[in-house]
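Under my numbering, the first residue of the sequence shown carries the number 51, and numbering increases by one thereafter. Structure record follows, encoded as structure tokens.
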Amino acid sequence: MQIKHVMGAAFGAAMLATTLAGCSASASVSRTISPDRFEATVVEALQKLSDAEPEVDCGDDQIAIEDGNEVHCDVNTAGYDVVYDSLVRISTEDGEQYSVHVEVDDQPKS
Numbered sequence: 051m052q053i054k055h056v057m058g059a060a061f062g063a064a065m066l067a068t069t070l071a072g073c074s075a076s077a078s079v080s081r082t083i084s085p086d087r088f089e090a091t092v093v094e095a096l097q098k099l100s101d102a103e104p105e106v107d108c109g110d111d112q113i114a115i116e117d118g119n120e121v122h123c124d125v126n127t128a129g130y131d132v133v134y135d136s137l138v139r140i141s142t143e144d145g146e147q148y149s150v151h152v153e154v155d156d157q158p159k160s
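Now the structure itself:
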């Protein structure tokens with residue numbers, strides 16, 4: 051896992067994918083949660099690796115909290131227009147808690 055700080059407009063946008071390449075966080079769960087709640091968990095995971103303030107958009111549909119479920123989310127640094135795709139993998143063993151592992155693409159979306 052690489053950890054780098056996001057600084058400056060051009061440098062920050064280029065480094066976002068490397069900075070946020072792999073991270074995880076945990077939260078309590080129900081069978082589905084709102085995209086807003088899921089995005090907050092993803093933001094928490096990303097903030098553990100960087101001082102940058104990430105913005106995350108995982109769409110409008112409810113998120114199924116199932117072990118192995120994968121969700122694509124758009125990620126960018128607040129204040130920048132460069133958007134990266136991320137793959138968020140959900141892990142849960144007991145249905146009460148879940149964790150996410152976030153992998154952000156190296157290149158921005160076109």
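Note that beta-carbon positions come from the ideal geometry of N, C-alpha and C, so glycine has one too. Note that the structure is predicted; figures quoted are calculated from it, not measured.
A direct Cα-Cα distance of roughly 7 Å separates V92 from V106. With respect to the C-alpha of S84, the residue from A95, A102, A114, D101 having the closest C-alpha is A114. In the same chain as Y148, and ignoring 5 residues on each side of it, the C-beta atoms closer than 6 Å to its own belong to V79, I115, I140, T142, in chain order. The beta carbon of A128 sits closer than 6 Å to those of E103, E105, all from its chain and outside the five residues before and after it, given in chain order.
Under the three-state reduction of DSSP, R87 is assigned to helix.
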